[in-house]
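Here the structure is laid out as structure tokens; the discussion comes afterwards.
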Amino acid sequence: MVAGIPFGEGSAEPLGVTPTAIGVNVAVVSAHAEAIFFCLFDAEGEVELRRIRLPGRTGDVHHGHVEGVRPGARYGLRAEGPWRPEAGLRFNGAKLLVDPYALALDRPFRLDDVLFDARRLGAASDGRDSAAVVPKAIVTAAAKARPRLTPPIAWDRQVIYELHVRGFSKCNPAVPEAIRGTFAGLGHPASIAHLKRLGVTTVELLPVAAWLDERHLPPLGLVNYWGYNPIAWMAPDPRLAPGGFAEVADAVAALHSAGIAVILDVVFNHSGESDHLGPTVSLRGLDNPTYYRLEHGDPSGYVNDAGTGNILACDRPPVVRLVMDALRTWVERAGVDGFRFDLATTLGRREDGFDPAAPLLAAIEQDPLLRDLVLIAEPWDIGPGGYQLGNFPAAWGEWNDRYRDTVRRFFRGDGGMVGDIATRLAGSADIFAPRYRGVTRSVNFVTAHDGFTLADLVAHVRKHNDANGERNRDGTDDNKSWNNDAEGETADAAILARRRADVRALLMTLVFSRGTPMLTMGDELGRSQKGNNNAYAQDTPLAWLDWVSADEELIDFTSEIIALRADHPALRDPRPLTGKVVPGSDEPDVGWFDADGRPLDEAGWHAPGNRALVAVLATATADVPLDRVCLVLHAGPAPIDLRLPPHAGGGRWRLGAASLDPDGIRAAMSVSAQSLRLEPRSALLLLG
22 MVAGIPFGEG
32 SAEPLGVTPT
42 AIGVNVAVVS
52 AHAEAIFFCL
62 FDAEGEVELR
72 RIRLPGRTGD
82 VHHGHVEGVR
92 PGARYGLRAE
102 GPWRPEAGLR
112 FNGAKLLVDP
122 YALALDRPFR
132 LDDVLFDARR
142 LGAASDGRDS
152 AAVVPKAIVT
162 AAAKARPRLT
172 PPIAWDRQVI
182 YELHVRGFSK
192 CNPAVPEAIR
202 GTFAGLGHPA
212 SIAHLKRLGV
222 TTVELLPVAA
232 WLDERHLPPL
242 GLVNYWGYNP
252 IAWMAPDPRL
262 APGGFAEVAD
272 AVAALHSAGI
282 AVILDVVFNH
292 SGESDHLGPT
302 VSLRGLDNPT
312 YYRLEHGDPS
322 GYVNDAGTGN
332 ILACDRPPVV
342 RLVMDALRTW
352 VERAGVDGFR
362 FDLATTLGRR
372 EDGFDPAAPL
382 LAAIEQDPLL
392 RDLVLIAEPW
402 DIGPGGYQLG
412 NFPAAWGEWN
422 DRYRDTVRRF
432 FRGDGGMVGD
442 IATRLAGSAD
452 IFAPRYRGVT
462 RSVNFVTAHD
472 GFTLADLVAH
482 VRKHNDANGE
492 RNRDGTDDNK
502 SWNNDAEGET
512 ADAAILARRR
522 ADVRALLMTL
532 VFSRGTPMLT
542 MGDELGRSQK
552 GNNNAYAQDT
562 PLAWLDWVSA
572 DEELIDFTSE
582 IIALRADHPA
592 LRDPRPLTGK
602 VVPGSDEPDV
612 GWFDADGRPL
622 DEAGWHAPGN
632 RALVAVLATA
642 TADVPLDRVC
652 LVLHAGPAPI
662 DLRLPPHAGG
672 GRWRLGAASL
682 DPDGIRAAMS
692 VSAQSLRLEP
702 RSALLLLG
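In structure tokens form, the structure reads like this:
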């Protein structure tokens with residue numbers, strides 16, 4: 022008994038702090054700690070009331086049972102052990118640690134000097150207690166499992182919309198001010214109405230687990246906005262979900278009621294504790310050499326395959342267990358339908374390199390709760406052998422940056438791109454088909470949160486990141502963009518018209534390509550970040566949706582082309598194109614033509630000056646005996662006279678969508694079924 026609180030050895034399972042009939046069971050993994058302490062705080066999380074050493078140990082799990090502690094109690098952990106950075110050991114009992122299994126926090130993380138061990142700067146010791154600035158975990162009762170969307174959305178039906186919970190509703194006047202920028206704001210009918218209007222099937226939420234700012238941001242007056250710097254993987258960040266998991270689950274349920282699935286962008290490649298100069302707030306203080314991959318020959322440093330200062334050792338059992346328990350927690354407590362894994366190569370990296378059968382990937386694939394979810398990899402990191410596009414497990418989707426780069430280069434006007442754009446348009450079968458994967462596993466995108474918005478892609482040749490405080494050195498310089506003869510904002514009506522047309526052509530290409538399209542928040546309404554291609558630290562109107570200035574015509578256009586995709590299986594067939602006859606017909610599944618209406622020959626495929634591609638796609642389903650469409654992409658700098666390919670069914674093509682002057686094209690088609698005038702950088706969909 023300590024200070025009137027009975028306690029016993031408890032159990033090594035489950036990990037974390039789990040309410041029992043008379044108290045809580047506490048179980049914490051640390052192979053190297055000499056002692057783990059459970060620290061109780063007052064109701065405000067300000068005063069440490071009790072510090073209880075966990076009396077039991079089973080293998081690497083320290084555990085104990087503490088009576089009288091109820092759900093709602095505030096707590097933290099402390100770990101005692103040696104300070105030997107040269108051996109990877111960085112224990113400091115003065116630093117309060119956040120339980121990596123915490124399900125709720127009483128406040129957001131705030132970076133403060135006391136979180137950093139002064140010995141990193143050569144001090145002999147650091148006895149400064151960090152409890153005053155560390156969020157306290159909240160003891161959380163068991164909850165009824167939340168349902169996923171039923172039935173789940175088939176891969177060939179998915180249209181993903183990547184959004185930031187805060188930025189999506191922060192400026193929406195139709196959402197009550199008190200809940201703007203939160204999960205409650207996302208679940209509000211006004212938010213859902215926009216998503217339904219668009220016709221997207223799935224929202225992919227940027228990270229929502231509790232995160233910490235990078236240490237260079239506070240001196241610049243900035244904060245981490247995106248959330249790719251996690252500390253507590255099982256706790257919703259209080260800034261996004263003041264109501265905790267209940268608020269998250271209610272928003273997910275509201276989206277489900279509208280038929281929209283929810284997947285989370287999760288970050289398990291690294292933690293917000295950064296490099297050897299970073300703060301001690303959780304895993305570093307609990308068991309640094311177990312959770313992190315340290316440098317060979319110098320365990321005082323960290324392997325930095327994610328470019329963030331550290332990486333988690335995702336091939337080790339405690340880390341595999343932590344990730345698996347975190348994923349299950351979000352599925353069970355929030356009802357989410359899947360995950361997108363940031364820098365996922367790190368998750369599959371063993372000591373000797375990437376392995377698609379690495380422990381964590383194998384564990385996810387066999388887990389009955391997780392294996393049937395939507396699972397998407399960002400298939401790269403900056404470590405050795407880090408680029409692994411196409412090499413993840415067969416059921417996974419993968420972000421396809423080759424699609425992004427090809428579409429940008431093609432419409433920018435680069436020569437010799439016709440063959441490559443055809444391959445990407447067809448679903449990148451060169452990447453996914455060799456391992457018998459449907460081309461729907463190619464997650465196609467032209468823009469994402471990281472990089473230019475679509476409006477900025479056609480208005481800026483150079484990045485303009487001065488607001489980030491790094492003298493425009495951050496963010497990529499390889500944007501593959503163009504500005505239509507004026508950098509940034511302009512009042513020139515002709516330039517603005519060309520930019521609007523470019524955006525529509527790019528949206529059409531994305532939505533009508535085989536594979537799974539992903540749109541980025543705001544691209545459908547003309548959102549600009551004024552040329553900032555790395556707005557990770559911009560929790561400002563620069564990165565929030567400007568609903569008042571939304572381009573309503575562009576929203577309608579985006580909605581119309583998404584509806585066309587849904588209506589035409591020829592645009593979303595998961596099978597690789599072969600050129601063979603569609604069963605039950607006499608038409609091939611694809612025909613490739615030049616602007617003169619002739620089948621492309623070898624010279625046409627490789628001609629540097631060829632900037633036009635015509636694809637006739639056909640497929641058959643149980644419900645549609647034959648669906649036929651013709652997609653035309655023209656990226657040249659001058660107008661062309663397009664001769665339409667023959668209509669194999671003996672009928673006439675009719676207009677589905679056009680990036681420029683649809684009324685004029687429709688009128689021209691009513692006069693002539695053979696030829697059309699196409700303006701530069703334009704796209705056209707014809708229906709058969």
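The sequence shown begins at 22 in our numbering and counts up by one.
The beta carbon of each residue, even a glycine, is placed where N, CA and C say it ideally should be.
At least 8 Å separates the beta-carbon of ALA398 from that of THR367. Its Cα nearest to that of LEU124, the residue LEU348 stands out among THR468, LEU110, LEU348.
Within its own chain, the residues whose Cβ lies closer than 7 Å to the Cβ of TRP232, once the five positions on either side in sequence are excluded, are PHE130, ASN245, GLY248, ASN250, PRO251, ILE252, ASP258, GLY293, listed in chain order. DSSP links VAL38 through a beta bridge to VAL47. Per DSSP, TYR246 lies in no beta strand (DSSP E) and is assigned neither H nor E.
In this structure, PRO590 sits near THR642, with a CB-CB distance shorter than 8 Å.
Taking all protein chains in view, the Cβ of PRO455 is surrounded by fewer than 16 other Cβ atoms within 10 Å, so the residue is classified as exposed.
In the three-state scheme derived from DSSP, where H, G and I count as helix and E and B as strand, GLY359 is classed as strand. Rounded to the nearest whole angstrom, the C-alpha separation of ASN421 and GLU183 is 15 Å. If only complete runs of 4 or more residues are kept, the segment 606 to 633 shows the alpha helix (DSSP H) at 623 to 627, in order along the chain. In this structure, ASN505 sits near ALA480, with a CB-CB distance shorter than 8 Å. Excluding five sequence positions before and after GLU30, the CB atoms of its chain that fall closer than 8 Å to its own CB belong to PRO76, GLY77, HIS84, GLY85, HIS86, given in chain order. Taking C-alpha positions only, SER580 is separated from TYR457 by approximately 32 Å. Under DSSP, the beta-bridge partners assigned to CYS60 are ARG72, GLY97. THR461 is the residue among THR461, ASP435, GLY436 whose C-alpha sits nearest the C-alpha of ALA447. For ASP150, the closest alpha carbon among the candidates LEU136, VAL160, ALA162, ALA144 is that of LEU136.
Annotation for MET690: the continuous alpha helix (DSSP H) segment containing it runs 683 to 692. Between the C-alpha atoms of PRO562 and ILE661 there is a straight-line separation of about 41 Å. Shown here for TYR408: same chain residues with a beta carbon closer than 8 Å to its own, the five before and five after excluded, namely THR366, PRO400, TRP401 in chain order. Between the alpha carbons of HIS627 and PHE360 lies a gap of roughly 39 Å. Between ARG423 and LEU410, the C-beta spacing is below 8 Å. The segment 98 to 114 and the segment 51 to 69 touch, with no fewer than 3 CB-CB distances between them shorter than 8 Å. Put simply, of ILE686, ALA94, ARG702, SER703 the residue whose alpha carbon is nearest the alpha carbon of SER696 is ILE686.
For ASP422, there is no enclosing beta strand (DSSP E); the enclosing alpha helix (DSSP H) covers residues 422 to 433. The segment 542 to 550 makes contact with the segment 462 to 481: 3 or more CB pairs, one atom from each, lie closer than 8 Å.
Ranking THR537, THR497, GLY369, ALA383 by CA distance to the CA of GLU419 puts THR537 first. Shown here, ASP319 sits in a strand according to DSSP, grouped into three states.
C-alpha of THR599 to C-alpha of ALA450: approximately 10 Å in a straight line. In this structure, the beta-carbon distance from PHE413 to PRO389 does not fall below 8 Å. Residue pairing by DSSP places CYS651 opposite VAL637, LEU707 in a beta bridge. Contact annotation, ASP363 with VAL288: C-beta distance approximately 5 Å; criterion of less than 8 Å satisfied. Of the other Cβ atoms in all chains shown, 16 or more fall within 10 Å of the Cβ of ASP138; this residue is therefore buried.
Counting only runs of 4 or more residues that sit fully inside the segment 512 to 558, the alpha helix (DSSP H) segments are 514 to 533, in chain order. Here LEU142 is exposed, its C-beta having fewer than 16 other C-beta atoms within 10 Å. Relative to the Cα of HIS297, the nearest Cα in the group GLU386, ALA108, PHE266, GLU372 belongs to ALA108. Here the C-alpha atom of ALA379 lies approximately 11 Å from the C-alpha atom of GLU386.
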